[in-house]
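First to last, the protein sequences are chains A and B. According to the numbering used here, the first sequence holds residues 30 to 325 in order. According to the numbering used here, the second sequence holds residues 738 to 1006 in order.
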Amino acid sequence: MKALQINKLTKTYGSIKALDQLSLEIEEGNIFGILGPNGSGKTTTLGCILGILHPNSGSYKWFDGKYDPNPRLKIGAILETPNFYPYLNAVDNLEIVRRIKGTANQDFMEILELVNLAERRKSKFMTYSLGMKQRLAIAATMIGDPDVVIFDEPTNGLDPEGIAEVRNTLKKIASTGKTVIMASHILDEVEKICSHVAIIKKGKLLATGTVGSILSDNLTVELASLDKEKLENFLKGIKELDKISLNENIFSIELKEGYDAGNLNKMAFENGINLNHFVIRKKRLEEEFLEITQNS
Amino acid sequence: MIKLIQLEYLKFKKSAPLKIMFGFYIILLPSLLMIGKQFTELPPPLPDNSVFFEFPTVWAYLAYIGNWLGFFFMGFLAVYFVSSEFRNKTLRQNVITGLTRKQFWTSKVVFIALLSILATLYYTLVAVVIGSFHAESFSLSDMFENKIFIFKYLLVFLGYGYFGLFLSFVFRSMGISLFLYLTWVSFLELAVRWGIHRNIIEHKSMHYYPMNAIEDLTKFPLILEQAEWFEKAYDFSFYLTDNESMIITMVYIVLFLIGSYLLIMKRDL
């Protein structure tokens, strides 16, 4: 079953087109990342599919209409910042969420322990650090055992410890088999957590698929030599190499599919070039992302 | 409906403004009337201050005080209930969590109605208690001779409450909504009336403004006789009749409710 189908969604703010005929499909059980630079339309997309923004045109459907007319009761979501009643404690705030969801009574201890907030459950929300607020928001998304959980920039503004805690929590949630949709501009986060990804820019979909399919299979090799000029001439003479770039005396090249990186090292030696740096790695999502968004 | 009232109660039961406003209301309503004990000599035709406390006039004097308290407390609370949800972005989150926009609007409308009913019940209780203590003997018909005040009192609270609610849905900001609420009730409406009619005695339509209609629900009893004299002399009344003020207030209440409903349904949150 499809968890979400978005069909030609368009949203404008005056003359600015925040979403431009955006279409997207997310299968049940996907850990789906929505990637895009700031202002690309990620939050607007989530705002539309969560009912707080009215799209100008287009449509969306949750769970093939299974939970209509109010599918949001089966979705746990936070958008941008954690929003709670500041004068209420964690338990009272979660109780409000539970009442809206209309689920059975619970004491929330299990959920609060999952996000490491059990000890501070009686403290007012206004006394929480940003990391604690974010973790409470994640806890709130779990109430009512939703089929889909949505996070919008979940680690924004957190310190390294907070980021690690939130990522661990997200991984735990993802391991339960729920559909997870995460909007982020932090590529490392998406690469580590998500199975599928959509890249959007200026409200348009640029690419979508599994993280593996977005990442090309081509390998990237970094190499350097004391004789930079000789190395550069050598590399330019090999037609199986692609996209040669130089950064701080290190050449970065992409090998065409099937080309053996070890052969390159051997050839360099045979041409009298002594390499003092030779690293083979798969291309990272960040590089693919930059390439896709810059070429659009 | 009960679910929505419970939800509102959960949201605001620990909020300081609700406790402070209701606390002040409970203390001030009887206390302000009892200040009348200090005025032992009153201008003619009033014989003495017993009219403040005896049936049936206690209903009118207490309702006049209640109108002022309703203006301050109910209006402020209504603005607070709605605009704090915008400020804390909890309206957005409520909708994301699964509350429909219509349910959100209904919960506010019903909660304000419930508080207005509670305020009116307290008014009724205070009037009955004070009236009973200041009468040597009375019948139930004496006690409730002015029972129409109970309904008018409820309309006062609903009127101020839904005006505050409407302003908050329009402006979303607590500061702007509260400022406009206070200034509109205090003098902006008067200024608009003057700007349009340019005369103290004009067509009766100059009374058909929302806050004027709500104020005329519980007129200041001390000057009613002078108002009657003025009407006879100049063929123009300073006040709306009871029926007029009730109907006009109800019409405005409906307009405030329709306006706020359309705003929450149509706008982005």
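Heads up, the beta-carbon is just placed ideally off N, CA and C, and yes, glycines get one too. Remember, it's a predicted structure, so these values are computed and weren't measured experimentally.
- In chain order, Asn112 make up the part of chain A whose C-beta sits under 7 Å from the C-beta of Gln830(B).
- Phe924(B) is classed as exposed because its beta carbon has fewer than 16 other beta carbons within 10 Å across all chains shown.
- Contact annotation: Tyr288(A) and Glu316(A) have beta-carbon atoms that are not nearer than 8 Å.
- Any Cβ of chain A closer than 8 Å to the Cβ of Leu959(B) would place that residue at the interface, and such an atom is absent.
- The beta carbon of His83(A) sits closer than 8 Å to some beta carbon of chain B.
- Between Gly803(B) and Thr955(B), the beta carbon gap of about 7 Å places them in contact (Cβ cut-off 8 Å).
- C-alpha of Asn949(B) to C-alpha of Ser905(B): approximately 20 Å in a straight line.
- Sixteen is the threshold: when 16 or more other Cβ atoms of the shown chains lie within 10 Å of the Cβ of Gly105(A), as they do, the residue is buried.
- Taking a Cβ-Cβ cut-off of 8 Å, the neighbours of Tyr116(A) in chain B comprise Lys751, Ser752 and Ala753, given in sequence order.
- For Arg101(A), the chain B residues whose Cβ falls inside 8 Å of its Cβ are Val832, Ile833, Thr834 and Gly835, in order along the chain.
- Residue burial is scored here from C-beta neighbours: Phe776(B) has fewer than 16 other C-beta atoms within 10 angstroms and is therefore classed as exposed.
- For a Cβ distance threshold of 8 Å, residue set Asn112, Phe113, Tyr114 and Pro115 of chain A lies close to Asn825(B), ordered along the chain.
- For Met987(B), the uninterrupted alpha helix (DSSP H) run begins and ends at Asp979 to Lys1003, by DSSP.
- Phe307(A) carries a strand assignment under DSSP once its states are collapsed to helix, strand and coil.
- In the DSSP assignment, Glu822(B) falls outside any beta strand (DSSP E) and within the unbroken alpha helix (DSSP H) covering Gly812 to Arg824.
- Gln743(B) has a beta carbon lying within less than 8 Å of a beta carbon in chain A.
- Within the DSSP bridge table, the entry for Leu270(A) names Leu284(A) as partners.
- With a contact defined as Cβ atoms closer than 8 Å, Val209(A) and Val219(A) miss out at about 11 Å.
- Excluding sequence positions up to five before and after Leu814(B), its CB lies within less than 6 Å of the CB of Met758, all in the same chain and listed in chain order.
- Not a single C-beta of chain A is nearer than 8 Å to the C-beta of Lys839(B).
- In summary, the residues of the stretch 753-773 of chain B whose CB is separated from some CB of chain A by less than 9 Å are Ala753, in the order they occur in the chain.
- Across the structure, Leu143(A) and Val832(B) are spaced so that their CA atoms are roughly 25 Å apart.
- Within the stretch 123-137 of chain A, contact with chain B at the beta-carbon level (separation under 7 Å) is assigned to Glu124, Ile125, Val126, Arg128, Ile129 and Lys130.
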